[in-house]
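Input: a single structure, listed below in structure tokens.
Number of protein chains: 2
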Amino acid sequence: MNYHFSSRVPKSDVDPVGNILKIAGKPGIISFAGGLPAPELFPVDQITQATDQVLKEKGKDALQYGSSQGIQELRDVIVDRVKIEGINTDADHVMVATGSQQTLDLTGKIFLDRGDTVIVEKPTYLCAVDVFKSYGAHFVGVDMDEDGMKMDMLEKALIENPSTKLIYTIPNFQNPTGRTMTLSRREKLVELAEKYDVMVLEDNPYGAVRFAGKNLPSIKSLDKSGHVIYMGTFSKILAPGMRLGWIVTDTKLLNKYTMMKQSADLHTDNLSQYIVAKYFEMFNIDEHIQSICHLYQKREQLMMSAIHKYFPSNVKCSQPEGGMFIWVEVPGIEDTQALFDDCIKNNVAFVPGEPFYGDEGTPGTFRLNYSNMHEDQIEEGIKRLGAAIQESLTKSLV
Amino acid sequence: MNYHFSSRVPKSDVDPVGNILKIAGKPGIISFAGGLPAPELFPVDQITQATDQVLKEKGKDALQYGSSQGIQELRDVIVDRVKIEGINTDADHVMVATGSQQTLDLTGKIFLDRGDTVIVEKPTYLCAVDVFKSYGAHFVGVDMDEDGMKMDMLEKALIENPSTKLIYTIPNFQNPTGRTMTLSRREKLVELAEKYDVMVLEDNPYGAVRFAGKNLPSIKSLDKSGHVIYMGTFSKILAPGMRLGWIVTDTKLLNKYTMMKQSADLHTDNLSQYIVAKYFEMFNIDEHIQSICHLYQKREQLMMSAIHKYFPSNVKCSQPEGGMFIWVEVPGIEDTQALFDDCIKNNVAFVPGEPFYGDEGTPGTFRLNYSNMHEDQIEEGIKRLGAAIQESLTKSLV
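Residue numbers (this note's numbering), protein chains in the order written: chain A, 1 to 398; chain B, 399 to 796.
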């Protein structure tokens, strides 16, 4: 059978990251490759209580078709949640999405025609690259340092790419680097977005999972001209399996999102929306988030000190104050895939940097996840990784 | 703020059907406009039991990220379900979608480039029109009669439109007409799809809700060449609020769907997938479906006899043997919106036919829903509707 696909469909069936995760998942391998929250913290009992209550009080509503914009109860919860990001809004300006990934998809659908430019951090979240690519996006990566996207480079990119439709950023504990954008750069970003009349998509899945340093205002909270679209999710603060994200924006734009959302899946799972709204009514989410921060900090510190102990001293890595990832750059490694293969032989895994770049990547970079790894495995895993790095570096000297 | 939307975004913010449903939802109006299942039949207690069991046994899995293809347990349920449609497959050929609407969206994304033709029944499901339109589809409607899409007209359309990428059909108790395609036409459809090398999207949300007549084999079960994509849903046999649909197709094509699904929302809500799989393990779905059929048949019969009593004798209407809708055509009505307005004055509502047509519609047509209306309101509603029809006809004679 020879299918006649649209031009959106990638020719190849190869899924490089999928393959990496498959290999990394083999028994005996200590895998820092995934991007999962710690399941031992999922509040299963509390969610059971919330669910029983929902089905008792509103069973028929939870099981019936619902609103494309999302249920009022959950939008009220979101309005309350985004206050800590400095965003003052109301439920009319909020849409519930089927996870953050759907917000990315709808944003691509709403803004991108083939050939339009999307400016991304270099590196950036790989599933955002995939979905924008499916709408024909041309990517321009802007270099980062430990303070986030470099604003002079962003302005240069905006000048050189007048067809830019979107600037995509994860300002807090970015995936994959763990870096956070400083306040002065956030202010500059808002200024540039207005000056060049380009929309900013602010993706903030990790912001609440901060275990060190001080909370910064969201980019959206600094925006006066309406150029910033804010997106969040319950995946990292509660549970990702229920696929609940959200978007906050102006009414006119929100109407377009809601229309496109209706085409995409009519509405987000109602039962899960009611369960999460009820969870927020019955329990204290901040206490729960504190327990997540506490555990992730412990894991991050263990990983960091193991890195200092086992990696060559010239290895660079990010210093996240929250989130789930550390970004590593090993000078002298030209072939990251070969390093990955050496690691697999040593029974340890990571995700190589390459797929996180919209355009050309930096060799010798990779992402480590600490949120989903038990404390007693972290030092051993990093030790194996350090040995593999030494091996690869020795080979490349030969 | 002046947004620079993609060419996919409709210029207008007007949602004609949304507005109709809003007006139809006003207090005092007997509305046959919606398309909802009867919520009084949702098995709330059984779903509570299934949920408690899931959270006890697999809470962490249900709340964690999952597979884009869907959980094995639910795909096994689907493999079993589609046997009654004559489809023998395995879980590798099944993908779970976020409701049938997502299958429509992914199908558009995978097959349609701007200007490609989609052949649809005339009339057809309006949200399919919306979503295919968002991928730039050009629609060609094929006339139907009580036996479904006319095959000579289909072949003519295929010859006249060599850029046809997709034939979209709802063969059982179609939305909006309630009509069912005969076996001989299903066989012909498969033959034409192969001859003209065009994919068929077989959408079967209502097939199991049959209260009269004999079950027919699905189009997919007649297909030997791989041109038929089969889609189903739990929305009409269990509950739509959980947004669970599925697709059955060849491995190569299923891989593309799974890739695009990953871009669209990573995966379908895990908790709901586990709940429904557990429901099928613990309870007898066929008994439940019987109770749905029993109630819908009662409501359909009440509506049918009221139509014969209160509508002019030359009114044509479909004779559904299942599903949720009756399609009505009133000769002499040129302005269906004016009839709708008269109905609202008489406190009764329907959905006018126009939005169900991919291209030009037939005046004087409308859709009636009976599944979601209590028995004691049906006769009164149809009586009011009959009076409004008389009024409109009288006006048009003046």
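Heads up, the beta-carbon is just placed ideally off N, CA and C, and yes, glycines get one too.
So what's residue 346 (chain A) in DSSP terms, helix, strand or just coil? The residue given as residue 346 (chain A) occupies position 346 in the first sequence. Coil at residue 346 (chain A), not helix or strand.
Kindly indicate if chain B contains any beta-carbon less than 8 Å away from that of residue 109 (chain A). Position 109 of the first sequence holds residue 109 (chain A). It does; some Cβ of chain B falls within 8 Å.
Along the chain, where does the beta strand (DSSP E) containing residue 766 (chain B) start, and where does it finish? Taking the second sequence and counting its residues from 1, the one referred to as residue 766 (chain B) is at position 368. That run of the beta strand (DSSP E) goes 763–767.
What did DSSP end up calling residue 233 (chain A) once you bin it into helix, strand or coil? Walking along the first sequence from the start, residue 233 (chain A) turns up at place 233. Strand at residue 233 (chain A).
For chain B, check one thing: does any of its Cβ atoms lie closer than 8 Å to the Cβ of residue 101 (chain A)? Counted from its first residue, the first sequence places residue 101 (chain A) at position 101. It does: the Cβ of residue 101 (chain A) has a partner Cβ on chain B nearer than 8 Å.
Return the CA-CA distance between residue 633 (chain B) and residue 687 (chain B), expressed in angstroms with no decimal places. Here residue 633 (chain B) refers to the residue found at position 235 when the second sequence is read from its first residue. Here residue 687 (chain B) refers to the residue found at position 289 when the second sequence is read from its first residue. So the two alpha carbons sit approximately 12 Å from each other.
In chain A, which residues lie with their C-beta within 8 Å of the C-beta of residue 768 (chain B)? For this step, residue 768 (chain B) is matched to residue 370 along the second sequence. Per Cβ cutoff of 8 Å: no residues; residue 768 (chain B) is ~17 Å from chain A at best.
State whether the stretch 687–704 of chain B contacts the stretch 712–724 of chain B, with contact taken as three or more CB pairs (one from each stretch) at a distance under 8 Å. yes
Closest Cβ-Cβ distance between residue 590 (chain B) and chain A: below 8 Å? Here residue 590 (chain B) corresponds to residue number 192 of the second sequence, with the count starting at 1. No, residue 590 (chain B) does not count as interfacial toward chain A.
Considering only the beta carbon of each residue, do residue 219 (chain A) and residue 299 (chain A) sit closer than 8 Å? Within the first sequence, the letter at position 219 stands for residue 219 (chain A). Within the first sequence, the letter at position 299 stands for residue 299 (chain A). No, these two residues do not count as a Cβ contact at 8 Å.
Which stretch, first to last residue, makes up the beta strand (DSSP E) that contains residue 333 (chain A)? In the first sequence, counting from the first residue as 1, residue 333 (chain A) sits at position 333. Residue 333 (chain A) -> no beta strand (DSSP E), and no H or E assigned at all.
Where residue 649 (chain B) falls, given that 16 or more other Cβ within 10 Å makes a residue buried: Looking up residue 649 (chain B) in the second sequence gives position 251. Residue 649 (chain B) comes out exposed.
Mark residue 368 (chain A) as exposed unless 16 or more other C-beta atoms lie within 10 angstroms of its C-beta, in which case mark it buried. For the purposes of this step, residue 368 (chain A) is taken as residue 368 along the first sequence, with counting starting at 1. Buried is the call here.
Positions along the stretch 661–687 of chain B whose CB lies within less than 8 Å of some CB in chain A: 661, 662, 663, 664, 665, 666, 667, 668, 669, 670, 673
Rounded C-alpha distance that separates residue 295 (chain A) from residue 371 (chain A): Locating residue 295 (chain A) in the first sequence gives position 295, where the first residue counts as 1. Locating residue 371 (chain A) in the first sequence gives position 371, where the first residue counts as 1. Approximately 8 Å between the Cα atoms of the pair.
Anyone know if the C-beta pair for residue 15 (chain A) and residue 657 (chain B) falls short of 8 Å? In the first sequence, counting from the first residue as 1, residue 15 (chain A) sits at position 15. In the second sequence, counting from the first residue as 1, residue 657 (chain B) sits at position 259. Cβ atoms of residue 15 (chain A) and residue 657 (chain B): closer than 8 Å.
Kindly indicate if chain A contains any beta-carbon less than 8 Å away from that of residue 790 (chain B). As a position in the second sequence, residue 790 (chain B) is number 392, starting the count at 1. Answer no: the Cβ-Cβ gap between residue 790 (chain B) and chain A never drops below 8 Å.
Tell me whether the beta-carbon of residue 515 (chain B) lies closer than 8 Å to the beta-carbon of residue 582 (chain B). As a first step, residue 515 (chain B) is located in the second sequence; it is residue number 117 there, counting from the start. As a first step, residue 582 (chain B) is located in the second sequence; it is residue number 184 there, counting from the start. The answer is no: Cβ separation not under 8 Å.
Taking the DSSP output, what are the residues bridged to residue 567 (chain B)? Within the second sequence, numbered from 1, the residue matching residue 567 (chain B) stands at position 169. Its beta-bridge partners are B:600.
May I ask which residues mark the beginning and end of the alpha helix (DSSP H) holding residue 442 (chain A)? A question about residue 442 (chain A) goes unanswered here, because the residues of chain A that appear run from 1 up to 398.
Around the C-beta of residue 28 (chain A), are 16 or more other C-beta atoms found within 10 angstroms, so that it is buried, or is it exposed? Residue mapping note: residue 28 (chain A) aligns to position 28 of the first sequence, counting from 1. Residue 28 (chain A) should be labelled exposed.
According to the neighbour-count rule (16 or more other Cβ atoms, all chains shown, within 10 Å of its Cβ), is residue 374 (chain A) buried or exposed? By one-based count along the first sequence, residue 374 (chain A) stands at place 374. The residue is exposed, with fewer than 16 neighbouring Cβ atoms inside 10 Å.
Spell out a yes or no on whether the stretch 514–532 of chain B and the stretch 567–579 of chain B are touching, meaning 3 or more CB-CB pairs, one atom from each, closer than 8 Å. yes
Would you check if the distance between the CB atom of residue 82 (chain A) and the CB atom of residue 280 (chain A) is smaller than 8 Å? Taking the first residue of the first sequence as position 1, residue 82 (chain A) is located at position 82. Taking the first residue of the first sequence as position 1, residue 280 (chain A) is located at position 280. Not a contact, by the Cβ cut-off of 8 Å.
From the DSSP output, in three-state form, read off residue 622 (chain B) for me. Against the second sequence, residue 622 (chain B) aligns to sequence position 224. Note: residue 622 (chain B) maps to coil in three-state DSSP.
Just mark residue 792 (chain B) as buried or exposed, buried being the case when its beta carbon has 16 or more other beta carbons within 10 Å. Counted from its first residue, the second sequence places residue 792 (chain B) at position 394. Looking at its Cβ environment, which holds fewer than 16 other Cβ atoms inside 10 Å, residue 792 (chain B) is exposed.
Which chain B residues are close to residue 337 (chain A), counting only those with a beta carbon under 7 Å from its beta carbon? If you number the first sequence from 1, residue 337 (chain A) lands on position 337. Neighbours of residue 337 (chain A) on chain B: none; closest Cβ ~21 Å, over 7 Å.
Name the chain B residues that come within less than 7 Å of residue 239 (chain A), Cβ to Cβ? Position 239 of the first sequence holds residue 239 (chain A). Within 7 Å Cβ-Cβ: 461.
Taking the CB atoms as reference points, tell me whether residue 98 (chain A) and residue 763 (chain B) lie closer together than 8 Å. One-based indexing of the first sequence puts residue 98 (chain A) at position 98. One-based indexing of the second sequence puts residue 763 (chain B) at position 365. Their beta carbons are not under 8 Å apart, which means residue 98 (chain A) does not touch residue 763 (chain B) by this criterion.
Do residue 209 (chain A) and residue 322 (chain A) have their beta-carbon atoms positioned less than 8 Å apart in this structure? Residue numbering aside, residue 322 (chain A) sits at position 322 when the first sequence is read from its first letter. Residue numbering aside, residue 209 (chain A) sits at position 209 when the first sequence is read from its first letter. In contact: residue 322 (chain A) and residue 209 (chain A) (Cβ atoms closer than 8 Å).
Can you look up residue 121 (chain A) in the DSSP assignment and give me helix, strand or coil? The residue you call residue 121 (chain A) lines up with position 121 of the first sequence. The answer is strand: DSSP assigns residue 121 (chain A) an E or B state.
I think residue 181 (chain A) touches residue 141 (chain A), with their Cβ atoms under 8 Å apart; what is that distance to the nearest whole Å? Taking the first residue of the first sequence as position 1, residue 181 (chain A) is located at position 181. Taking the first residue of the first sequence as position 1, residue 141 (chain A) is located at position 141. In fact, because the Cβ distance is near 15 Å, the residues do not count as touching under 8 Å.
With 16 other CB atoms within 10 Å as the buried threshold, where does residue 93 (chain A) fall? As a position in the first sequence, residue 93 (chain A) is number 93, starting the count at 1. Per the 10 Å Cβ criterion, buried.
Could you pull out every residue in the same chain whose Cβ sits closer than 6 Å to the Cβ of residue 623 (chain B), ignoring the five residues on either side in sequence? Here residue 623 (chain B) corresponds to residue number 225 of the second sequence, with the count starting at 1. Closer than 6 Å at Cβ, skipping near neighbours: 592.
Residues in its own chain within less than 7 Å of residue 74 (chain A) by CB, not counting five upstream and five downstream? If you number the first sequence from 1, residue 74 (chain A) lands on position 74. Taken in chain order, the residues that qualify are 96, 273, 276, 277.
Closer than 7 Å at the beta carbon, the chain B residues around residue 373 (chain A): In the first sequence, residue 373 (chain A) corresponds to position 373, counting from 1. By Cβ distance, chain B contributes nothing, its closest Cβ being about 14 Å from residue 373 (chain A), past 7 Å.
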